[in-house]
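Just so it is clear: in the sequence shown, position 204 is 206 by the numbering used here, and no numbers are missing. To start, the structure under review is shown below, and the notes come after it.
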Amino acid sequence: MYNDFDFLTLNEPYSYDNSIISIPLNYTIAAANNSPQAAIIFKSTHNAQLLFCNEEVVVVQIEFHHQEANLASTYCSPSKNMESNMDILKSPLLRFEELPFIILGDFNAKFRIWGQRDLDHRGSTLLSVCHLMDLTIENNPDSPPSYSSSRGDSCVDLLLTKNLSDNISMEVREEMLNSDHNMLYIEYSLHNTELHFTNKINIKTRLAEN
Numbered sequence: 003m004y005n006d007f008d009f010l011t012l013n014e015p016y017s018y019d020n021s022i023i024s025i026p027l028n029y030t031i032a033a034a035n036n037s038p039q040a041a042i043i044f045k046s047t048h049n050a051q052l053l054f055c056n057e058e059v060v061v062v063q064i065e066f067h068h069q070e071a072n073l074a075s076t077y078c079s080p081s082k083n084m085e086s087n088m089d090i091l092k093s094p095l096l097r098f099e100e101l102p103f104i105i106l107g108d109f110n111a112k113f114r115i116w117g118q119r120d121l122d123h124r125g126s127t128l129l130s131v132c133h134l135m136d137l138t139i140e141n142n143p144d145s146p147p148s149y150s151s152s153r154g155d156s157c158v159d160l161l162l163t164k165n166l167s168d169n170i171s172m173e174v175r176e177e178m179l180n181s182d183h184n185m186l187y188i189e190y191s192l193h194n195t196e197l198h199f200t201n202k203i204n205i206k207t208r209l210a211e212n
C-alpha cells in the first residue's frame with residue numbers, strides 16, 4: 003500500500019498508547035505526541051519541514067526540484083468550533099502566500115457545492131472561510147460520498163487548495179479500509195514531478211497488513 007503514495011494524511015488514526023503504530027520504517031510521521039487526530043505520513047527520502055503541529059492540525063512544507071509547496075492535514079470535530087482550526091491554517095497561508103497549498107481533512111461540514119444533498123451551518127461557515135482565505139474546494143459534487151454508514155452518506159472529507167492551476171486531480175475511491183470513510187486519492191504535478199497523495203481514515207486493518 004505505502005509504496006503507491008508519497009504522502010498520506012490521516013484523520014482519527016488508529017493509535018496505541020496515544021501513538022500511531024505500524025508505519026513502515028522508510029516513512030516519517032508528523033503528528034502530535036498524544037492522541038493525534040490529524041497526521042501526515044511521508045516517505046523519509048522526501049524533503050519535508052514541519053511548520054505546525056497539534057492534535058488536530060499538521061502542516062509541512064515539501065520541496066521538489068527547488069520548488070516548494072505546503073501540505074496540511076486537519077480534523078474538525080463535529081463537537082468543536084471549526085473556526086479555530088481554520089484560524090491556525092491562516093498563519094502559514096499568509097506567511098507563504100505565493101506557495102501552492104494543499105489541505106486535506108475531515109471537516110464534518112455539509113454543503114451542496116461539494117456533493118452534499120443537505121447543508122448545515124458548518125458547511126456555510128466553511129464556504130465563507132474558503133472565500134475569505136482564497137481557497138478552492140476541489141471536490142467534485144458528482145463523486146461518491148466520502149463517508150458512508152448505517153446513518154447515511156455524506157461528503158465531509160474535503161480537498162482545499164490555493165495557488166494551484168489544473169495540475170491536481172482528486173478521486174474518491176470506495177475501497178475496503180475498515181472505516182466508514184472512503185479514500186481521497188490525489189495526483190499533483192510539481193515541477194514535472196508527479197506526487198501521489200491520499201487521506202486515510204481509521205486505517206487499523208490496512209496498517210496491520212504492512
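Even glycine gets a Cβ: it sits at the ideal position worked out from N, Cα and C. Small disclaimer: the values here were computed from a predicted structure and weren't measured.
Legend entry - Under the three-state DSSP convention, the category LYS92 falls into: Taking the first residue of the sequence shown as position 1, residue 92 is located at position 90. LYS92 falls in the helix class under three-state DSSP.
Legend entry - Exposed unless 16 or more other CB atoms sit within 10 angstroms - verdict on HIS183: Here residue 183 is taken as the residue at index 181 of the sequence shown, counted from 1. Buried.
Legend entry - Residue-chain proximity (GLY125, chain C), Cβ-Cβ < 8 Å: In the structure shown, chain C cannot be found, because there is only a single protein chain.
Legend entry - Straight-line gap, HIS67 to ASN13 (C-alpha atoms, nearest Å): Here residue 67 is taken as the residue at index 65 of the sequence shown, counted from 1. Here residue 13 is taken as the residue at index 11 of the sequence shown, counted from 1. If you take the alpha carbons of HIS67 and ASN13, they lie about 29 Å apart.
Legend entry - Alpha-carbon spacing of ILE139 relative to SER75, whole angstroms: As a first step, residue 139 is located in the sequence shown; it is residue number 137 there, counting from the start. As a first step, residue 75 is located in the sequence shown; it is residue number 73 there, counting from the start. If you take the alpha carbons of ILE139 and SER75, they lie about 15 Å apart.
Inset, instruction - Determine the contact status of LYS92 and SER156, defining contact as a CB-CB distance below 8 Å. - result: Counting from 1 along the sequence shown, the entry for residue 92 is found at position 90. Counting from 1 along the sequence shown, the entry for residue 156 is found at position 154. In this structure, SER156 does not lie closer than 8 Å to LYS92 by Cβ.
Legend entry - Integer Cβ distance of PRO38 from SER17, believed to fall under 8 Å: If you number the sequence shown from 1, residue 38 lands on position 36. If you number the sequence shown from 1, residue 17 lands on position 15. Correct: roughly 7 Å between the Cβ atoms.
Legend entry - Neighbour-count burial assignment, ASN110, 16 or more Cβ in a 10 Å radius: In the sequence shown, residue 110 corresponds to position 108, counting from 1. Buried, since its Cβ has 16 or more Cβ neighbours within 10 Å.
Inset, instruction - Tell whether a beta-carbon distance below 8 Å holds between ALA32 and VAL60. - result: For this step, residue 32 is matched to residue 30 along the sequence shown. For this step, residue 60 is matched to residue 58 along the sequence shown. Cβ atoms of ALA32 and VAL60: closer than 8 Å.
Inset, instruction - Return the chain-ordered list of same chain residues with a C-beta closer than 6 Å to the C-beta of PRO102, the five sequence neighbours on each side being excluded. - result: In the sequence shown, residue 102 corresponds to position 100, counting from 1. Hits under 6 Å: ALA71, ASN165 and LEU166.
Legend entry - PRO15 classed as buried or exposed, judged by whether at least 16 other C-beta atoms fall within 10 angstroms: Within the sequence shown, numbered from 1, the residue matching residue 15 stands at position 13. Buried is the call here.
Legend entry - Coarse secondary structure for GLY117, derived from DSSP in three states: Along the sequence shown, read from residue 1 onward, the residue named residue 117 stands at position 115. Looking at GLY117 - three-state DSSP - the assignment turns out to be coil, as it is neither helix nor strand.
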